[in-house]
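Peer 1:
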Amino acid sequence: MNICVLGTGYVGLVTGVVLANQGHYVICVDQNADKVKSLSAGKPCIYEPGLEPLMNKALKSHTIRFTQDLAHGVKSSDIIFICVGTPQNEDGSVDMTQYQEVLTDVIHALNEPKIIVNKSTVPVGTAKWAQEYIKQIRPGMPCEVVSNPEFLQEGRALQNTLHPDRIIIGAKSLNAIMAMTKVYDKLEAPIEVCSVESAELIKYASNSFLATKISFVNWLAQMSEYYGADVTEVTKGMGSDHRIGHEFLNAGIGYGGSCFPKDVSAAIHMSDSAFIDCGILKSVRDINRYMPKLYMSLIEEELCGLQGRNITVWGLSFKPGTDDTRDSQAIKFINLLLERDANVTAYDPVATLETGLIKQSKNIYDSADGADAICLLTEWPEFMNTDTSDIFEQMRNPVFLDARNVMDSEKLKQQGWTYLSLGRLH
Ligand code: NAD
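For the sequence shown, position 277 matches number 277 in the working numbering, and the numbering has no gaps at all.
1) Apart from the five residues just before and just after residue 248, which ones in its own chain have a Cβ nearer than 7 Å to its Cβ?
2) Please work out which residues of its chain come closer than 8 Å, Cβ to Cβ, to residue 33, disregarding the five sequence neighbours upstream and downstream, and give them in chain order.
3) I want to know whether the segment 127-137 touches the segment 297-317 - three or more CB-CB distances under 8 Å.
4) For residue 357, count neighbouring C-beta atoms within 10 Å of its own C-beta (all shown protein chains included) and say buried if the count is 16 or more, exposed if not.
5) With three or more C-beta pairs closer than 8 Å as the rule, is the segment 36-46 touching the segment 142-150?
6) What are the start and end residues of each continuous alpha helix (DSSP H) run of 4 or more residues lying completely inside the segment 150-206, in chain order?
7) What separation, rounded to the nearest whole angstrom, lies between the Cα atoms of residue 352 and residue 377?
8) Does the distance between the C-beta of residue 121 and the nearest non-hydrogen atom of the ligand NAD fall short of 6 Å?
9) Reducing DSSP to helix, strand and coil, say where residue 428 ends up.
10) If I measure Cβ to Cβ from residue 394 and keep anything under 6 Å in the same chain, skipping five residues before and after, which residues do I get?
11) Please report how far the alpha carbon of residue 36 lies from the alpha carbon of residue 30, in whole angstroms.
12) Is the beta carbon of residue 329 closer than 7 Å to that of residue 256?
13) Which same chain residues end up closer than 8 Å to residue 82 when comparing Cβ atoms and leaving out the 5 residues on each side of it in sequence?
14) With which residues is residue 314 paired in a DSSP beta bridge?
15) State the DSSP-derived secondary structure class of residue 67, mapped to helix, strand or coil.
16) Rounded to the nearest angstrom, how far is the Cβ of residue 284 from that of residue 264, given a contact under 8 Å?
17) Alpha carbon to alpha carbon, what distance is there between residue 20 and residue 122?
18) Would you identify the three-state DSSP class for residue 74, choosing helix, strand or coil?
19) Fully enclosed by the segment 12-40, which beta strand (DSSP E) runs are 3 residues long or longer?
20) I'd like to know if the segment 222-237 and the segment 54-68 are in contact, where contact means that at least 3 CB-CB pairs between them fall below 8 Å.
21) Using the DSSP secondary-structure output, state which residues sit across from residue 5 in a beta bridge.
22) What residue from 411, 110, 244 and 124 has the CA that sits closest to residue 80's CA?
23) Can residue 307 and residue 341 be called in contact, C-beta distance under 7 Å?
24) Which whole-angstrom value is the C-beta distance of residue 371 and residue 311, which I expect to be below 8 Å?
25) Mind checking residue 404: buried by the 16 CB within 10 Å criterion, or exposed?
26) Do residue 193 and residue 169 count as a contact pair if the criterion is CB distance below 7 Å?
27) In terms of DSSP beta bridges, what is residue 117 paired with?
28) Taking the straight line between their C-alpha atoms, what separation do you get for residue 145 and residue 407?
29) I'd like the list of long-range same chain contacts for residue 262, defined as Cβ closer than 6 Å, with 5 residues on each side in sequence excluded.
What follows is the structure in structure tokens.
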């Protein structure tokens, strides 16, 4: 099939590359000229394990192309995937500027009826609105707008896209359902067909539920700390119940990234707009906002203040396996340290920040030079595999804050570290 993908960020690029390796001809459009140039030269602008070789394979076999020419992409394709960003407005609602702009351009470029697929995460009702919008601008161009939400996780995006748990298709006509089934016919994944509104809500429901699990265990960590339980034992015991499961039960500094925080806020906004009480998600959001402050207070108390202290943070990205720092809890933690006049040095295997306010180390060992504390904020495997006895020698004050509960605490204590965590006995 001839497919046009609009937006070559984490979702658009991975989607385009996977489809181009499955027998489809894909034109990826982005308005960013530098991105298009870099992608055409075989260099992805994002870090995602396995993506570069697969993208180059498609480039070599001419099944993928990158361009800024949206009209050409639309005219040459049967199906158009919209994968542009839908960030958050100040009031928690979804900023639909990119989506509306790109949809307007698509409508003007249409040369015949096409299927337009919303892969961007958009509020419930968007597909219906888009359908009406098309009718207004091009009454003689009956296109169907389908909802096909994306569930990939950065850092595992290729695996998720090649082996999804399910593919959700919200569509009205048999024609659209059949076309979408053909797009994905090489993937061995169950396809769940539903109404467009259900598909749109499934995306918000899934992310809100996962965020709820995380905030729930972070509440449990505080309960464990106060009542003398160990949160890792509690979550292990809970997770063994097959109705609960072990996934997403790791207590720590909380969730971040470009999806969970904004999708939870959008769900709250949609709920408020409908006058439906949303206390549950407001608590989820509040607990998550509180976690960086709580972890910061542990280190502040241990060091009797942070002014002039040398604090090393390990991890900037919102999770391991990605260079994405959007809405990362690590950034929030660093800002709290800076507000207290600490000197911050950061090390991340992949991610960097564009700021002169902190020092960024290229090497994990250098990052600890003369530090008063190390704060592990992202659970990159490199941190767990580093010889902490070597790091110990470089510290001015051997304090280790484990904000992801991933280190061997007994080993650290034996090496002489003061080990800090929340809700752990050992
Ligand atoms: P992103 O910001 O990384 O990428 C968006 C891309 O769209 C950018 O490259 C931008 O230049 C391009 N763009 C914007 N306007 C354009 C236009 N008019 N014409 C052409 N290109 C244009 O975003 P992302 O992280 O890939 O997310 C895209 C959507 O998918 C969002 O709605 C997001 O919520 C959703 N989503 C993201 C993830 C994730 O893990 N990142 C997972 C599931 C769903």
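Just so you know, even glycine gets a beta-carbon here, dropped at the ideal spot from N, CA and C. This one's a predicted model, so the numbers in the text were calculated from it and none came from an experiment.
Peer 2: With the given structure in hand:
1) So the qualifying residues of the chain are 210, 213 and 214.
2) 68
3) no
4) exposed
5) no
6) Correct list: 157-162 and 174-183.
7) Their backbone Cα atoms lie some 14 Å apart in a straight line.
8) yes
9) Residue 428 lies beyond the stretch modelled for the chain, which goes from 1 to 426, so this question has no answer here.
10) 368 and 369
11) 6 Å
12) yes
13) So the list reads 6, 7, 99, 102, 103, 106, 116, 117, 118, 119 and 120, once near-sequence residues are dropped.
14) Note: residue 314 sits in a beta bridge opposite 347 and 376.
15) strand
16) 6 Å
17) 25 Å
18) helix
19) Runs found: 25-29.
20) no
21) Residue 5 is bridged by DSSP to 28 and 81.
22) 110
23) yes
24) 7 Å
25) buried
26) yes
27) Its beta-bridge partners are 81 and 146.
28) 48 Å
29) 88
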